Amino acid sequence: MDATMAMYVAQGLHGLAYGMLLFLVASGLTLIFGMMGILTLAHAAFFMLAAYFGFQVLQITQNFWMALIVAPVAVGILGVLCERFLIRKAHVMGHIGELILTVGVALVIMDAVKAIWGTESLYLKVPEYLQGLVSIGGLEYPIYRLFIIGMALLLLIILALILYKTRLGLIVRAAVSDADMVNALGVNVPLVFMLVFGVGTWMAGVAGVAIAPILTVFPGLADQMGMDAYIIVVVGGFGSLSGAFLVSIIFGLLSSYGVQFISQLAPVLMFIFMAIVLIIKPAGIFGERED
Amino acid sequence: MLLEVKNLNTYYGDSHVLQDMSLSVNDGEIVALLGRNGMGKSTTLKSIIGLVKPKSGKVIYQGKDLTGGHPFKVVREGIGYVPEDRRIFPNLSVFDNLKMGIKSGKAGQKASKSQWDLDRIYKHFPVLKERSAQRGSTLSGGEQQMLAIGRTLMGSPDLLLVDEPTEGLSPHFVKEVRDVLEEINKAGVSILLVEHNLKVAMSLANRVYLMGKAHLGFSGTVEELNDNPEIRAKYLEV
Ligand SMILES: Nc1ncnc2c1ncn2[C@@H]1O[C@H](COP(=O)(O)OP(=O)(O)OP(=O)(O)O)[C@@H](O)[C@H]1O
Ligand SMILES: [Mg+2]
C-alpha cells in the first residue's frame with residue numbers, strides 16, 4: 012500500500028474513533044430525550060466532568076483502568092442524583108422548567124471544575140502499551156484509537172443486547188415512544204427514567220475519560236463534543252439509537268476527512284449535512300416521534 | 016363496591032374540567048359513562064388511573080384510597096386502562112406490545128378473578144396471533160383496538176377502564192369489540208366503559224352515567240334511561 016492510501020486509512024480510523032465516542036455521548040442524550048422529552052443540556056457537562064474525574068483518579072491511583080472505570084461510574088451516580096432530586100422535582104413545571112434546570116446543572120459543573128482544577132489543560136497519560144503504533148498488514152495504526160473503537164463497539168453490543176434481548180430493554184424502547192402508556196401498564200416509569208439517565212450519563216462519562224488522552228482535559232471540552240452530540244440527536248431523529256449511531260459515524264468521518272481536505276471548512280461540513288437532512292426529513296433520519 | 020369515585024375536581028390549567036364528578040362500579044358490572052364530546056369522560060378515566068391528578072375528591076378501589084397515585088401503582092392494584100387513542104407502541108411487534116402488559120414482580124403474582132396469559136389472549140383474539148411478528152403500527156384500526164385490549168388484559172385486571180373502543184371502526188369490528196368486552200366481563204372482569212355508540216353501550220351495560228359539561232348529569236339503569244327520552248335528548252342527542 013502506498014503512502015497516500017495509508018494516510019486515508021489512518022484518517023478514517025481517527026474519524027471512526029471520534030464517531031464512536033460521539034455515539035457514546037449521543038446515545039444517552041437521545042434515549043433520555045425519547046423517554047423524558049427533554050434534551051438535557053447537562054449531558055456535555057457530565058462528559059467533561061468525567062474527564063476531570065478521570066484525571067484525578069489517575070493522579071491518585073496511577074492506574075488508567077481505574078480512571079476509566081471509576082470516573083464514569085461516579086458521574087453516572089451524579090446523573091442519577093441529578094434526575095432523582097432535581098429534574099424530577101422540576102417535572103411539575105413542564106419541559107421548560109426541566110430544561111432550564113439542566114442548564115443550571117451544566118453551569119454549576121462548569122464553574123466547579125474551574126474552581127477546583129483551574130482552566131489550564133491537564134494531561135491524562137495512557138499506559139505504555141496503549142501508546143504508539145501497531146502494524147497490521149503493512150499499515151501503521153495508533154493503538155489507542157483502535158482501543159477506543161474496540162471499547163465503544165463492546166459497549167454498543169452490550170447496549171444493543173440489553174435493549175433488544177431483555178425485558179428492561181423492551182420497557183425502555185416502549186417508553187421512548189410513549190412513557191405515560193408504559194406507566195399506565197404498571198411499569199415503575201420514574202425508576203426507569205432514573206436508570207436511563209444514570210446509564211446515559213455513565214456512557215458520556217466513558218467517552219469523556221476515553222477522549223481525554225487525545226484532546227487533554229480543559230473546560231472547553233464540553234463545547235465541541237456537546238454541540239456535535241446535540242446535532243446528532245436532531246439529525247438522527249429524536250429518540251432513535253440507530254439514527255444516532257449512523258450520524259455519529261458520518262460526523263466522525265466528516266470531521267476527520269474534512270480536516271484532511273478542506274480544513275477550514277470541516278465544521279461547516281457538518282452543518283451543511285444537518286441542513287440537507289433536515290430539509291429532506293424534518294424529523295431526522297430515523298425520526299418517528301410526532302410531538 | 017369495587018370502585019368508588021367521589022367528588023373529583025380536575026383542572027387543566029385554569030379550566031375546571033371535572034366538577035364534583037362521582038360514580039361507582041360494583042363487582043361484576045359493566046358500567047357505561049356517556050356524554051357528548053368534550054364533557055370530561057376521558058378525563059374521568061385519566062383521573063382514576065392517575066394520568067392526571069385531581070385537585071380534590073377520592074378514588075377508592077377495593078377499599079383502598081388510590082387518589083392521585085402514580086398510574087403504575089394504581090394499575091398494580093388491579094385496574095387496567097385501555098386509552099382512547101389505543102396508544103399501541105408503533106415500533107414494537109404485536110407480541111412485544113402484548114408483553115408490555117405483563118406485570119412484573121409482586122403485582123404480577125397478585126391473584127385476580129380472571130387470569131390472562133398469551134395463550135388465552137390469542138384464543139380470544141386470533142388475529143393477534145396471526146400478526147404477532149408484525150409491527151404495531153402496521154395493524155388496522157380494529158386490530159389495534161384488539162391489541163390495546165389484549166395488552167391491558169395481559170395484566171389480569173379485575174376492573175377494566177375502556178375509553179371509546181369502537182371509535183372509527185367498521186361495523187364488523189364494532190360488533191367484534193362489543194362481543195369481546197362481553198366475554199371479558201363474563202370471565203369475571205368488571206368494566207367501566209366510555210362509549211359514543213349508544214347501541215353498543217346500552218346492549219352491554221348494567222348501569223349508565225351521563226355527563227354534562229364537567230359534571231354528572233344522570234345515573235341509573237339502562238331501563239331507566241330507555242324510558243326517559245328527555246334525559247337522552249338533554250345529554251346524548253345532538
Ligand atoms: N391535555 C389537555 N389540556 C387542556 N385541556 C384539555 C386536555 N385534555 C382535555 N381537555 C379539555 O377538557 C375537556 C374534557 O375533555 P375530555 O377529553 O375528558 O372529554 P371527553 O368527554 O372524553 O370527550 P370526547 O368524547 O371527545 O373524547 C374538554 O373541554 C377538552 O378540551
Ligand atoms: Mg374522550
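Here the protein sequences line up with chains D and E, keeping their order.
Residue numbering for the first sequence follows the numbering used here, beginning at 12 and increasing consecutively.
Residue numbering for the second sequence follows the numbering used here, beginning at 16 and increasing consecutively.
All C-beta atoms in this analysis are idealised placements derived from N, C-alpha and C, irrespective of residue type, glycine included.
Since we're looking at a predicted model, the values are computed, not measured.
Do you know how far the Cα of residue j is from the Cα of residue i?
| i | j | result |
| --- | --- | --- |
| D:Pro-230 | D:Ala-218 | 15 Å |
| E:Gly-28 | E:Tyr-224 | 26 Å |
| E:Gly-55 | E:His-31 | 10 Å |
| D:Met-214 | D:Met-59 | 12 Å |
| E:Phe-110 | E:Ser-218 | 31 Å |
| D:Val-279 | D:Asp-234 | 16 Å |
| E:Gly-254 | E:Leu-240 | The first residue shown for chain E is 16 and the last is 253, placing residue 254 of chain E beyond what the model contains. |
| D:Ile-173 | E:Leu-175 | 32 Å |
| E:Phe-104 | D:Ala-55 | 30 Å |
| D:Gly-87 | D:Lys-136 | 23 Å |
| D:Ala-294 | D:Gly-149 | 44 Å |
| D:Gly-39 | D:Val-244 | 10 Å |
| E:Thr-58 | D:Ile-168 | 43 Å |
| E:Ser-39 | E:Glu-19 | 4 Å |
| E:Thr-236 | E:Ser-171 | 27 Å |
| D:Ala-61 | D:Lys-176 | 29 Å |
| D:Cys-93 | E:Glu-191 | 49 Å |
| D:Glu-301 | E:Ile-117 | Its pLDDT being 43, under 50, D:Glu-301 is placed unreliably in this model, and the coordinates cannot settle the point. |
| D:Gly-216 | E:Met-16 | 53 Å |
| D:Asp-122 | D:Leu-110 | 19 Å |
| D:Gly-237 | D:Ile-260 | 16 Å |
| E:Lys-144 | E:Tyr-137 | 5 Å |
| D:Ala-17 | D:Ala-85 | 39 Å |
| E:Leu-113 | E:Arg-135 | 12 Å |
Look at residue i and residue j and say whether their C-beta atoms are less than 7 Å apart.
| i | j | result |
| --- | --- | --- |
| D:Gln-70 | D:Tyr-268 | no |
| D:Gly-250 | D:Val-207 | no |
| E:Pro-86 | E:Thr-25 | no |
| E:Val-97 | E:Thr-181 | no |
| D:Ile-287 | D:Gly-254 | no |
| E:Lys-128 | E:Asp-80 | no |
| E:Arg-101 | E:Gln-160 | yes |
| E:Glu-184 | E:Gly-227 | It should be noted that the sequence gives Leu, not Glu, for residue 184 of chain E. No, these two residues do not count as a Cβ contact at 7 Å. |
| D:Phe-75 | D:Pro-138 | yes |
| D:Ala-117 | D:Leu-42 | no |
| E:Ile-45 | E:Ala-220 | yes |
| E:Val-67 | E:Lys-73 | no |
| E:Gly-123 | E:Phe-140 | no |
| D:Val-200 | D:Ala-190 | yes |
| D:Trp-128 | D:Tyr-63 | yes |
| D:Gly-209 | D:Gly-248 | no |
List, in order along the chain, the chain A residues whose C-beta lies closer than 8 Å to that of residue i?
| i | result |
| --- | --- |
| E:Arg-91 | Absent from the structure is chain A; the protein chains it does hold are D and E. |
Select from the options the residue whose C-alpha is nearest the C-alpha of residue i.
| i | options | result |
| --- | --- | --- |
| E:Lys-249 | E:Asp-42, E:Arg-51 and E:Lys-21 | E:Arg-51 |
| D:Gly-211 | D:Leu-33, D:Gly-295, D:His-102 and D:Glu-131 | D:Leu-33 |
| D:Leu-226 | D:Ile-173, D:Arg-156, D:Ala-37 and D:Ala-17 | D:Arg-156 |
| E:Ile-75 | E:Leu-48, E:Ile-103, E:Asn-41 and E:Ile-45 | E:Asn-41 |
| E:Lys-121 | E:Glu-99, E:Asn-112 and E:Glu-92 | E:Glu-92 |
| D:Thr-15 | D:Val-68, D:Gly-143, D:Glu-151 and D:Phe-75 | D:Glu-151 |
| E:Ser-155 | E:His-187, E:Gln-130 and E:Ser-119 | E:His-187 |
| D:Leu-141 | D:Val-124, D:Glu-131 and D:Met-162 | D:Met-162 |
| D:Ile-222 | D:Leu-202, D:Met-31, D:Met-18 and D:Ala-17 | D:Met-31 |
| E:Lys-214 | E:Gly-151, E:Arg-247, E:Ile-117 and E:Val-89 | E:Arg-247 |
| D:Pro-224 | D:Met-121, D:Leu-50, D:Leu-79 and D:Met-238 | D:Leu-79 |
| E:Leu-207 | E:Ser-108, E:Val-177 and E:Tyr-137 | E:Val-177 |
| E:Asn-200 | E:Gly-43, E:His-230 and E:Leu-23 | E:Gly-43 |
| D:Leu-24 | D:Leu-289, D:Phe-284 and D:Leu-265 | D:Leu-265 |
| D:Gly-197 | E:Ser-119, E:Ser-234 and E:Gly-78 | E:Ser-119 |
| D:Lys-292 | D:Ser-259, D:Val-246 and D:Gly-263 | D:Val-246 |
| D:Gly-65 | D:Gly-209, D:Leu-50, D:Val-124 and D:Ile-242 | D:Val-124 |
| D:Leu-232 | D:Leu-289, D:Glu-131, D:Ile-290 and D:Met-47 | D:Glu-131 |
Hey, residue i and residue j are a contact pair by Cβ (cut 8 Å); roughly how many whole angstroms apart?
| i | j | result |
| --- | --- | --- |
| D:Leu-27 | D:Ile-160 | 6 Å |
| D:Val-220 | D:Leu-133 | In fact, because the Cβ distance is near 12 Å, the residues do not count as touching under 8 Å. |
| D:Gly-90 | D:Ala-101 | Not really, about 15 Å apart at Cβ, beyond 8 Å. |
| D:Val-193 | E:Met-115 | 7 Å |
| D:Ala-240 | D:Val-81 | The pair is not a contact, with the Cβ atoms about 23 Å apart (cut-off 8 Å). |
| E:Glu-252 | E:Val-209 | Actually they are not in contact, since the Cβ atoms of E:Glu-252 and E:Val-209 sit about 18 Å apart, beyond 8 Å. |
| E:Val-195 | E:Asn-212 | That pair is no contact at about 14 Å. |
| E:Leu-23 | E:Ala-216 | Not a contact, Cβ separation roughly 21 Å. |
| D:Met-281 | D:Phe-256 | Contact flag wrong, Cβ pair sits at about 16 Å. |
field: Every unbroken beta strand (DSSP E) within the region 35-114 of chain E, with a cutoff of 3 residues, ordered by chain
entry: 45-50, 71-76 and 94-97
message: If we require 4 or more residues per run, which alpha helix (DSSP H) segments fall completely within the region 190-255 of chain D?
response: Those alpha helix (DSSP H) runs which fall completely within the region 190-255 of chain D and span 4+ residues are 200-226 and 232-247.
task: Give, in chain order, every unbroken run of the alpha helix (DSSP H) that is at least 4 residues long and sits entirely within the region 62-120 of chain D.
output: 75-93
query: Which residue spans inside the region 122-186 of chain E form an unbroken alpha helix (DSSP H) run of at least 4?
result: 133-139, 141-145 and 156-168
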